[in-house]
Structure formats: C-alpha cells, structure tokens
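Residue numbering for the sequence shown follows the numbering used here, starting at 720 and increasing by one per position.
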Amino acid sequence: MNSGATRAGATRIRRAPDGRLAVTDRWGREEVFDAVIATCQSWLLTTAIDTEEALFSQKLWMALDRTRYMQSSKTFVMVNRPFWKERDPKTGRYPLSMTLTDRLTRGTYLFDNGPDQPGVICLTYSWMSDALKMLPLPVERRVELALSALQKIYPDLNIQSHIIGDPITVSWEADPNFLGAFKGALPGHYRYNHRMYRHFMQQDLPPQERGLFLAGDDISWTPAWAEGAVQTALNAVWGVMTHLGGHTASDNPGPGDLYPEWGPIRLDD
Ligand SMILES: Cc1cc2nc3c(=O)[nH]c(=O)nc-3n(C[C@H](O)[C@H](O)[C@H](O)COP(=O)(O)OP(=O)(O)OC[C@H]3O[C@@H](n4cnc5c(N)ncnc54)[C@H](O)[C@@H]3O)c2cc1C
C-alpha cells in the first residue's frame, strides 16, 4: 500500500476513480497513492501543479491563493582565503566583519572553512524592495553593485582581489519552483494561516477533500524558520496516520490528539 508520494516535479494531482489520489510527474507518469503530502509553496498548487478543484474547499483555496510571499535575494562569491580574520597591520583591527547596513547590500555574511582554505562571502542578503533592486540584474552586475556599496563602507579594502570562481545568485521570486522566498503574512491573514495550518485535521472534511495534506514553510505559523516547517510535517504525518486508520499510543499523543487543547485559537472567518 502506498501511503505517501515523493514525485520529482509533480505537475498534476487529482482524485483517481478508485477514490485515491493520482499524482502525475513531469515525465507524464501517473501513480496512485492513498495519501499525498504537498510541501511546495502553496501558490504552486495553482501554477506549476494542476490541482483538482474539488480537493480543497473554496475557503482553503482562498487561503492558499492569498498567501503572500516575500521576495529575497542572495549573491555569493568564493574567495581565496578568509582574509577577514587577518588583522590590519596599521590599525590592528579586522578588515571586514559581518555587515548590516541600509545600503543595498543590507546583509553581508562571511563563511570560512579554515585558514588558507577558500572561503565564501554572501555579499548581499536582501528582502522585499532591496531584493527587487537585484531582480532584473545578471549575477555580474549584482556583484558589482554589492562590491561598490561595500567599498563605501570599507574604502581601504579590495575584496575583488580575493575573488576566485564564478559568483552565484538566487532570487527566490524568479524561481518557478518557489515564486517567493517565504510566507510574509499580512494583517488580516490570520484566518488564512489558520485554515492552512489546521487542514491536517481532516476528520470533519467531506470525503472528496480528504487525503491530500499540506506541510512546509508557508503552512507554518513561523515562516522563514525551518522549525515551523518541521512542525507542519509532524502534523501532516499525524494526519496521514489518522487518514489510514492508525492512531498514536495513548501515553504518547500526537499533534492532532492535542490540537483541541493546544492548537491556535480560531477567530471568526
Ligand atoms: C532566503 C531564505 C533564508 C532563510 N533563512 C532561514 C534561517 O536562517 N533559519 C531557518 O530556520 N530557516 C530559514 N529559511 C527557511 C527555511 O529554508 C524553510 O523553512 C525550509 O526550507 C522549509 O522547508 P520546506 O520543506 O517547507 O520547503 P523547501 O525547503 O522550500 O522545499 C520545498 C521543495 O519543493 C520543491 N518543489 C516545488 N515544486 C515542486 C513540484 N511541483 N514537485 C515536486 N517538488 C516541488 C522545491 O523545489 C523545494 O525543493 C530561509 C528561507 C529562505 C528562502
């Protein structure tokens, strides 16, 4: 018996004639499962994945569609060594530190792999408007802009002279498998968060809406932190177990058993 689905590039989810769930992958291969957990950003359920309408209620579709994602961008360069750990002979100070600024780099982070080993600098980690400044630009221009901003903060430092290899950049909102970095709920979105989060409690749903579970960063109450995504995974596992007729040991209750007591407060929809 199949009790879950891990498909590379799912493109379609529908109710199979036998009542189970059919998942089609990017190669057109369809397989049928008793339960499915979808962990991608919820917008993908209406874009990359052709999800059968009847699998969710209208209220849940509204929540999934109105979920709002934040933009985010990072640009990395590899450097010959962690030169930031060496003291400046003139000042006795470190030449470069982790740098938070209101210039366009916003956050610069330093990663070393031991002395004299190549290191990595995340030149810029930005969100929202600052990420949009980078969005249309190729990686080389992003590096130029970031170095130019850092040059104003560290006028005596030549970061360029340490760079080796090709830079790497990511804009999560430009990735068709993400469409945004992480959920950034807006005022009024509590109800949508609540609908998505509690969906693993499927006992009271009509049969046509059962069996497809949601988990991951945007189902969580603490998006942008892995811990919240893991909590939703545990919820989904409990949901699948219950869907398949199982239950937890009485002395070790699961998240659904304790949901009425510990679950988030339900406000008016
Ligand atoms: C820029 C950034 C910074 C972050 N910083 C931190 C941090 O400092 N600390 C922290 O705790 N957390 C951080 N997070 C959050 C953390 O990365 C997430 O909470 C965690 O990765 C969520 O795990 P997930 O399994 O829900 O989703 P993901 O890890 O996003 O996995 C979802 C997967 O689904 C795949 N997918 C998409 N479409 C399909 C499809 N059609 N078929 C099959 N697969 C598909 C995607 O390719 C992806 O691999 C950060 C996230 C971002 C974007």
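Ideal placement from N, C-alpha and C gives every residue a C-beta, glycine not left out.
- For TYR916 against TRP940, the beta-carbon gap comes to about 6 angstroms, under 8 angstroms, which counts as contact.
- For SER867, the enclosing alpha helix (DSSP H) stretches over residues 858 to 872.
- The DSSP assignment places complete alpha helix (DSSP H) segments of no fewer than 4 residues inside the segment 922 to 987 at 945 to 962, 978 to 981, in order along the chain.
- Under the three-state reduction of DSSP, ILE768 is assigned to coil, being neither helix nor strand.
- Contact check for LEU876 and LEU933: beta-carbon distance about 47 angstroms, past the 8 angstroms limit, so the pair fails to qualify.
- Per DSSP, ASP784 has no beta bridge partner at all.
- Nearest to ARG985 by C-alpha distance, out of LEU829, HIS918, GLY935, GLU928, is HIS918.
- Secondary structure at TRP803: helix, using DSSP grouped into helix, strand and coil.
- Under the DSSP assignment, SER848 falls in the alpha helix (DSSP H) whose first and last residues are 847 to 853.
- Distance from the CA atom of TRP762 to the CA atom of ILE882, rounded to whole angstroms, is 37 angstroms.
- Closest by C-alpha distance to THR786, out of ARG733, ALA968, ALA904, is ALA904.
- At least one heavy atom of ligand 1 lies closer than 7 angstroms to the C-beta of GLY935.
- For MET789, DSSP records a beta bridge to PHE901.
- When the Cα atoms are used, GLY930 and VAL755 turn out to be separated by approximately 6 angstroms.
- No Cβ-Cβ contact shorter than 8 angstroms links TRP746 with MET789.
- Counting along the chain, TYR828 sits inside the beta strand (DSSP E) bounded by residues 826 to 830.
- The C-beta distance from TYR828 to TYR813 rounds to 14 angstroms, too long to meet the 8 angstroms contact threshold.
- For ARG734, there is no enclosing alpha helix (DSSP H); the residue is found in the beta strand (DSSP E) stretching over 729 to 734.
- Less than 8 angstroms divides the Cβ of VAL798 from the Cβ of GLY838.
- Distance between LEU783 and ASP849, taken at the CA atoms: about 26 angstroms.
- Residues of the same chain with a CB within less than 6 angstroms of the CB of ARG910, apart from the 5 flanking positions on each side, are ASP988 in chain order.
- Relative to ligand 1, ASN912 has its C-beta separated by 7 angstroms or more from all heavy atoms.
- Taking 8 angstroms as the cut-off, the beta carbon of GLY884 is found no closer than this to the beta carbon of CYS759.
- ALA850 has its Cβ no nearer than 7 angstroms to any heavy atom of ligand 1.
- Contact between the segment 964 to 976 and the segment 886 to 906 is not established, with fewer than three Cβ pairs separated by less than 8 angstroms.
- With contacts defined by Cβ atoms closer than 8 angstroms, VAL796 and VAL862 form a contacting pair.
- Set against 7 angstroms, the gap from the CB of PHE830 to the closest heavy atom of ligand 1 is not smaller.
- Under DSSP, THR820 forms no beta bridge with any residue.
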